[in-house]
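Residue numbers (the numbering used here): 1 to 223. Here a beta-carbon is modelled for each residue, glycine too, at the ideal position from N, C-alpha and C. These numbers were taken from a predicted model, which means no experiment stands behind them. The next block holds one structure in the form of structure tokens; read it before the comments.
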Amino acid sequence: MIGCFVTGTDTGVGKTLVSTGLLHALAPHHRRVVGMKPVAAGVVPWGEAWASEDAIALRSASTLAVAPELDNPVLLLDPLSPHIAAERAGVQIDIAAIVRSYQALAAQADAVVVEGAGGFHVPLTDTQTGADLAQALALPVVLVVGLRLGCLSHALLTAEAIRARGLVLVGWVANRVDPEMEAADENIAYLRARLGVPLLAEVPYQDLPDARSLVFELPGEWL
1 MIGCFVTGTD TGVGKTLVST GLLHALAPHH RRVVGMKPVA AGVVPWGEAW
51 ASEDAIALRS ASTLAVAPEL DNPVLLLDPL SPHIAAERAG VQIDIAAIVR
101 SYQALAAQAD AVVVEGAGGF HVPLTDTQTG ADLAQALALP VVLVVGLRLG
151 CLSHALLTAE AIRARGLVLV GWVANRVDPE MEAADENIAY LRARLGVPLL
201 AEVPYQDLPD ARSLVFELPG EWL
């Protein structure tokens with residue numbers, strides 16, 4: 001079973017776009033491909049229920065339909081940092097329970113793309129962060145870098161934090177989130193030299209992002 005954990009240099013850098021793009025890229029190679037959003041904060045109407053926009057996007061890109069408690073075990077009403085949204089909802093985010101949901105999901109799938117919330121160290125509780133979740137899942141990590149001023153430091157710090165947890169940074173994605181950014185190519189070149197892992201995709205700026213249009217250089221072991 002192929003799996004990866006998608007994190008980002010910050011919130012709003014395109015993790016969902018990249019995660020859905022990865023699902024589309026994996027689908028020709030694996031029959032049962034599914035996305036997972038372990039923790040989502042903020043909801044929209046979904047049929048007769050509520051759902052996360054991120055989870056809905058992942059479901060639409062998946063070839064395997066599963067129960068919501070498996071692909072989005074923690075759904076919080078307020079679009080806030082998860083630890084605050086959970087406190088307002090009167091719930092405690094349980095990483096061990098999320099891992100059990102992932103294991104049940106992975107048992108049904110050939111490939112799973114797990115999208116984290118916010119940045120790598122986004123708080124999940126008063127004492128645990130997204131880094132603890134990534135470490136518990138023990139999946140190879142894909143880092144999404146939002147190309148904007150300040151991204152170099154954010155990318156290097158996040159890569160350092162990923163490796164400090166004993167996790168494998170399998171590759172990174174450059175997402176041109178700021179169409180006005182100067183020297184974007186030079187920033188990409190710098191990170192190519194410093195991150196030490198393959199650039200899996202360059203995502204052009206799009207007014208209407210289309211995950212199916214993304215072109216990935218997938219690691220050989222994923223094919």
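Checklist entry - Hey, which unbroken runs of the alpha helix (DSSP H) at 4 residues or more fall wholly within the region 163-193? => result Secondary structure within the region 163-193: not one fully enclosed alpha helix (DSSP H) run of 4 or more consecutive residues is present.
Checklist entry - By a C-beta neighbour count over all protein chains shown, 10 Å radius and 16 as the cutoff for buried, is D54 buried or exposed? => result On the sequence shown, position 54 is the one that residue 54 refers to. Flag for D54 reads buried.
Checklist entry - Leaving out the 5 sequence neighbours to the left and right, which residues in its chain are closer than 8 Å to Q135 when beta-carbon positions are compared? => result Position 135 of the sequence shown, counted from the first residue, corresponds to residue 135. Cβ neighbours of Q135 beyond the five flanking positions: R165, G166 and L167.
Checklist entry - Quick one: what does DSSP say I95 is sitting in, helix, strand or coil? => result On the sequence shown, position 95 is the one that residue 95 refers to. Helix.
Item to check | Same chain only: Cβ atoms within 6 Å of K15, ignoring 5 sequence neighbours per side | outcome: Within the sequence shown, residue 15 is the residue found at index 15, counting from 1. Taken in chain order, the residues that qualify are V6, G8, E115 and V144.
Next on the checklist: With a threshold of 6 Å on Cβ separation, who are the neighbours of A155 within its own chain once the five nearest residues in sequence on each side are excluded?
Outcome noted: As a first step, residue 155 must be located in the sequence shown, where it is residue number 155. Cβ neighbours of A155 beyond the five flanking positions: T9, V145 and L191.
Next on the checklist: Can you tell me whether G47 is helix, strand or coil according to DSSP?
Outcome noted: Within the sequence shown, the letter at position 47 stands for residue 47. Taken through DSSP and simplified to helix, strand or coil, G47 comes out as coil.
Checklist entry - Just how far apart, CA to CA, sit A40 and W172? => result Numbered from its first residue, the sequence shown carries residue 40 at position 40. Numbered from its first residue, the sequence shown carries residue 172 at position 172. Distance between the alpha carbons of A40 and W172: 22 Å.
Next on the checklist: What I want to know is whether the C-beta of G196 ends up closer than 7 Å to one or more non-hydrogen atoms of the ligand NAD.
Outcome noted: This structure simply doesn't include the ligand NAD, nor any ligand for that matter.
Checklist entry - Exposed or buried, what is A107 when buried is set at 16 or more other beta-carbons lying within 10 Å of its beta-carbon? => result Working through the sequence shown from its first residue, we reach residue 107 at position 107. A107 is exposed by the Cβ-count criterion.
Checklist entry - What is the rounded straight-line gap between the Cα of H83 and the Cα of G12? => result Mapped onto the sequence shown, residue 83 falls at position 83. Mapped onto the sequence shown, residue 12 falls at position 12. So the alpha carbons of these two residues sit roughly 18 Å apart.
Item to check | Pairwise C-alpha distance: A27 and Q128 | outcome: Looking up residue 128 in the sequence shown gives position 128. Looking up residue 27 in the sequence shown gives position 27. A straight-line Cα-Cα distance of about 33 Å links Q128 and A27.
Checklist entry - For the candidate residues L214, R163, R148 and R100, whose alpha-carbon lies nearest to that of A131? => result As a first step, residue 131 must be located in the sequence shown, where it is residue number 131. Comparing Cα-Cα distances from A131 to each of L214, R163, R148 and R100, the minimum goes to R163.
Item to check | With 16 other Cβ atoms within 10 Å as the buried cut-off, status of R100 | outcome: Position 100 of the sequence shown, counted from the first residue, corresponds to residue 100. Exposed, since its Cβ has fewer than 16 Cβ neighbours within 10 Å.
Item to check | Cβ-Cβ distance between L23 and L58 below 8 Å | outcome: Here residue 23 refers to the residue found at position 23 of the sequence shown. Here residue 58 refers to the residue found at position 58 of the sequence shown. Closer than 8 Å, so yes.
Next on the checklist: Quick check on the DSSP output: the alpha helix (DSSP H) that includes T228 runs from which residue to which?
Outcome noted: Past the edges of the chain, shown from 1 to 223, lies residue 228, and the structure says nothing about it.
Item to check | Proximity below 8 Å, CB of V33 to CB of L64 | outcome: Start at 1 with the first residue of the sequence shown, and residue 33 comes out as number 33. Start at 1 with the first residue of the sequence shown, and residue 64 comes out as number 64. Yes, the pair counts as a contact, with Cβ atoms nearer than the cut-off.
Checklist entry - Do the CB positions of L17 and P209 come within less than 8 Å of each other? => result Within the sequence shown, numbered from 1, the residue matching residue 17 stands at position 17. Within the sequence shown, numbered from 1, the residue matching residue 209 stands at position 209. Cβ distance < 8 Å, so L17 and P209 count as in contact.
Next on the checklist: Please classify D71 as buried or exposed, where buried requires at least 16 other C-beta atoms within 10 Å of its C-beta.
Outcome noted: Position 71 of the sequence shown, counted from the start, is the residue given in the question as residue 71. It counts as buried.
Item to check | Candidates C151, G119, P79 and A86: closest to V44 by CA position | outcome: For the purposes of this step, residue 44 is taken as residue 44 along the sequence shown, with counting starting at 1. By alpha-carbon distance to V44, the top candidate from C151, G119, P79 and A86 is P79.
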